[in-house]
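Colleague:
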Amino acid sequence: MKSILDRYLDRVLVYANKPASESEAIRKELKDHLQQKVEDLVKNGLPREEATLEALRQHGSPKVIGYKLRGPFPWIDIRSYGTARGVIAIGPKAVGIFAFGGFAVGIFSFGGFSLGLFSVGGFALGLLFAWGGFGMGGVVSAGMALGIVAVGGMAVGLLAAGGAGVGAWVPHGWNHPGSTSHYTDANVPPFLRSLNPLLNDAIWFTDHFTIVMPVFMFTLIVFNFVQYRERRRVEADDAWLIDG
Amino acid sequence: MKLYAVRLYAIKLMKLSKKSLDGNMETLLLAVLSDGPSYGYQMVQDLNAKAPGVLKTGEGTIYPVLHRLEERELIQSSWRAGETGRQRRYYRLTLKGKKALSDNRLQWAALTRVMTTVLGDRLAPASFSSTIHLEATS
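As they're listed, the protein sequences go chains G and C.
Heads up, the first sequence is in this note's numbering, so the first residue is 1 and it goes up one at a time.
Heads up, the second sequence is in this note's numbering, so the first residue is 1001 and it goes up one at a time.
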């Protein structure tokens, strides 16, 4: 049967997710620290069992130490807890070039709440492109959209098109009942008119909903599956009593 | 009651935030290693002796920092038997590490000078020093 120290170190290494050779060196180093700590606490009068628990408590959360051992910004960072940071980041919160998560921030971001140059999500805020249930951004295609150029079931933007569009200019043809437009096609300023091609690009997404939606769903399924596997890998280890 | 509130405020002031510590842990560890080669547990003891409570997020959190410093070649490690006979990983500063520490020291000196000049006597409010006095005399 494994000692409490070993079980604690297992937990650290599960979160660190390092190659076997590196893991062994980390285990040896941390175990030496913990053993030394226990010996010192025993010398100070604590019973061995209490000393062991105290040493682990002072050593810190295995989650925190394990995740910190992963390095600052790896190619792929998958986490079942906290913020994943990597070129490809998958986690409850994710920050990366490609970020997938409940809250995702990246160049390309996908998630419940996503923020990036190109964003897709339930609530999407994109500098260039946002597509989601509620989107805000440069070019937005969404159920409810807010942006410089916005397209959607409900769109709010400088240039807006949708079932119900609210904007400085809702172009003719998108002017459905419920839409509000400050300018008409006759008096719209040239700079807004020049944004019209962007709007058409965004409309492409809406028109090709049957293509875009499966791609989006596939991405979400892959992201969820990868995260599920990570959670299973972490949970395969015994539940830890000091885990904080 | 008032004294209690003032004491709480003083304690809050004395506690360094996790954020401010995280950014400077590398410099602290380089400084500890400037006294000579050492290993993780010993470094924790040295840090705690000089600044109690500095490792508030856990003693184990120094290892990710040490490994990062080694990746950046600011320190080097080697395994050898300790006093207990167990294999122990010792770290020592590299030339690059010594230079980094020296640069960080200069940065700190400059920053401290600027902060002291601008904040002056307001670095610690009057209530802070009076609390210390009250505690000492009670």
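Here a beta-carbon is modelled for each residue, glycine too, at the ideal position from N, C-alpha and C.
Note down, in chain order, every chain G residue with its Cβ under 7 angstroms from the Cβ of C:G1060.
Modeller: Simply L30, H59, G60 and I65.
Colleague: Can you give me the start and stop residues for the beta strand (DSSP E) that C:R1089 sits inside?
Modeller: It spans Q1087 to L1093 - the beta strand (DSSP E) in which C:R1089 sits, taken as one unbroken run.
Colleague: Could you check how far apart the C-beta atoms of C:G1060 and G:H59 are, in whole angstroms? I think they sit under 8 angstroms.
Modeller: C:G1060 to G:H59, Cβ: 4 angstroms. Contact.
Colleague: Determine the chain G residues that contact C:Q1087 at a beta-carbon separation under 8 angstroms, and present them in chain order.
Modeller: Neighbours of C:Q1087 on chain G, chain order: K28 and D32.
Colleague: Quick check on C:P1064 - is its C-beta less than 8 angstroms from some C-beta in chain G?
Modeller: Yes, because at least one Cβ of chain G sits closer than 8 angstroms to the Cβ of C:P1064.
Colleague: So that I know if they touch, is there some Cβ in chain G lying closer than 8 angstroms to that of C:G1040?
Modeller: By this cut-off, C:G1040 is an interface position.
Colleague: Using three-state DSSP, classify G:W75 as helix, strand or coil.
Modeller: Three-state result, G:W75: coil.
Colleague: For C:T1057, would you say it is in contact with chain G, using Cβ-to-Cβ distances shorter than 8 angstroms as the test?
Modeller: Yes, C:T1057 lies at the interface with chain G (some Cβ there is under 8 angstroms from its Cβ).
Colleague: Please state whether DSSP places G:T210 in a helix, a strand or coil.
Modeller: G:T210 falls in the helix class under three-state DSSP.
Colleague: Using a Cβ-Cβ cut-off of 8 angstroms (strictly less than) and excluding sequence neighbours within five positions of G:S23, which residues of its own chain qualify?
Modeller: Only L13 and A16 meet the Cβ criterion.
Colleague: Which chain C residues sit within Cβ distance under 8 angstroms of G:L69?
Modeller: Chain C residues near G:L69: Y1063, P1064 and H1067.
Colleague: Tell me whether the beta-carbon of G:D32 lies closer than 8 angstroms to the beta-carbon of C:R1080.
Modeller: Not closer than 8 angstroms, so no.
Colleague: Is the CB of G:K37 under 8 angstroms away from at least one CB in chain C?
Modeller: Judged by the 8 angstroms Cβ criterion, G:K37 is in contact with chain C.
Colleague: Which stretch, first to last residue, makes up the beta strand (DSSP E) that contains G:Y15?
Modeller: Per DSSP, G:Y15 belongs to no beta strand (DSSP E); it is in the alpha helix (DSSP H), I4 to A16.
Colleague: Give me the Cα-Cα distance between G:L69 and G:W131, rounded to the nearest whole angstrom.
Modeller: Rounded to the nearest angstrom, the two C-alpha atoms are 35 angstroms apart.
Colleague: For the 8 angstroms Cβ check, are there 3 or more pairs between the segment 44 to 54 of chain G and the segment 76 to 94 of chain G?
Modeller: No: fewer than three Cβ pairs fall under 8 angstroms.
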